[in-house]
Structure formats: structure tokens, C-alpha cells
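Peer 1: Below is one structure. I have some questions about it.
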Amino acid sequence: MSVDPTKPYDPENIFAKILRGEIPCNKVYEDEWSLAFHDINPQADVHILVIPKGEYVSWDDFSAKAPADEIAGFVRAVGHVAREQGLVVRGYRLLGNVGRNGGQEVPHLHVHLFGGGPLGPMLAR
């Protein structure tokens, strides 16, 4: 399923259900702004999703509508998770997909943290 990032937020998306506690997750970090958990279909040795607790469809929606303290809190949470997981020294990839061409599958902003080993080329050609 591809996401149209111009559509309104859907409170029935899977990440909204995880935030409400309706669906379990393997949590690695939580604060007032964000929740981070292991991806159920990992694409690297370490594959963690970080989501804001606010209702944002995409990075575009978040950057346009979120207050500065929420943006800062989310960005800091991503960095915190990367450090806690030991990814900074050897390196990691941070990925955010937006819309159909970007490959976004869930209509709730999320970023992927990949690490734990070499990750290969940035884009498949």
C-alpha cells in the first residue's frame, strides 16, 4: 500500500494503534515526543523504527505543522536511539520515506534506523 502524504491523518493506521497500546511492539525507547521499536521485518542487523507521538502523515506534514519543541524532541530521540544501540561509531543509515515514489507504506511519520554492518548502496538501481 502506498501513502498519499497530502491526505488527512488516519488514526486507524498501525503506528497509531501501537501508540495507543492496541498492538504490541518490541520497544527500545520512549519519551514524551517519540516511540522507538524494532521493525517486525528487519532489513539489516539492526532495524529500528522511530515515530513521533503526534499525528503526522509524513516528514512533509511534520515539518510544516509540528511545533519546534516537538521537532527537536523527535530529532533528539532518533540520535539517542542511535547512540544507545551503539550505531554511531561504525555508522548507520537513517531513512524516511514520503509518499508513493518514496516507498512510504504507513501513513504515520516514521524513520528507519539501519545498522549493525555494511549497508550497501544507498539506492538500488
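So the sequence shown is numbered by the UniProt record's numbering: it starts at 1 and just counts up by one. For glycine and all other residues, C-beta sits at the position ideal for the given N, C-alpha and C. Owing to the predicted nature of the structure, the values given are computational and were not obtained by experimental measurement.
Less than 9 Å between the C-beta atoms of V81 and V106, yes or no?
Peer 2: The count along the sequence shown starts at 1 and reaches residue 81 at position 81. The count along the sequence shown starts at 1 and reaches residue 106 at position 106. In this structure, V106 does not lie closer than 9 Å to V81 by Cβ.
Peer 1: Do you know how far the Cα of C25 is from the Cα of H38?
Peer 2: Counting from 1 along the sequence shown, the entry for residue 38 is found at position 38. Counting from 1 along the sequence shown, the entry for residue 25 is found at position 25. Whole-angstrom Cα-Cα distance: 7 Å.
Peer 1: Rank W33, Y29, G91, I18 by C-alpha distance to the C-alpha of A68 and give the top, closest one.
Peer 2: The sequence position of residue 68 within the sequence shown is 68, counting from 1. Looking at the Cα atoms, W33 is the closest of the given residues.
Peer 1: Considering only their Cβ atoms, is the gap separating L119 from R83 smaller than 9 Å?
Peer 2: Position 83 of the sequence shown, counted from the start, is the residue given in the question as residue 83. Position 119 of the sequence shown, counted from the start, is the residue given in the question as residue 119. No, the pair does not count as a contact, with Cβ atoms beyond the cut-off.
Peer 1: Measure the CB-CB distance between D4 and G86 and report whether it falls below 9 Å.
Peer 2: As a position in the sequence shown, residue 4 is number 4, starting the count at 1. As a position in the sequence shown, residue 86 is number 86, starting the count at 1. Result no, Cβ atoms of D4 and G86 do not sit closer than 9 Å.
Peer 1: Quick one: what's R93 bridged to in DSSP?
Peer 2: The residue given as residue 93 occupies position 93 in the sequence shown. DSSP output for R93 lists F114 as bridge partner(s).
Peer 1: Where does L49 fall in DSSP's three states?
Peer 2: Taking the first residue of the sequence shown as position 1, residue 49 is located at position 49. Correct three-state label for L49: strand.
Peer 1: Spatial neighbours of G54 within its chain, please: C-beta separation below 7 Å, excluding the five flanking residues on both sides.
Peer 2: Start at 1 with the first residue of the sequence shown, and residue 54 comes out as number 54. Contacts found: A66, E70.
Peer 1: Which one or two residues does DSSP pair with F37 in a beta bridge?
Peer 2: Here residue 37 corresponds to residue number 37 of the sequence shown, with the count starting at 1. Paired residues: K27, L49.
Peer 1: Is it the case that the Cβ atoms of A16 and H112 are separated by a distance below 9 Å?
Peer 2: The count along the sequence shown starts at 1 and reaches residue 16 at position 16. The count along the sequence shown starts at 1 and reaches residue 112 at position 112. Contact flag unset, no.
Peer 1: Under a three-way DSSP split, which group does S2 fall into?
Peer 2: Within the sequence shown, residue 2 is the residue found at index 2, counting from 1. In this structure, S2 counts as coil in the three-state DSSP scheme.
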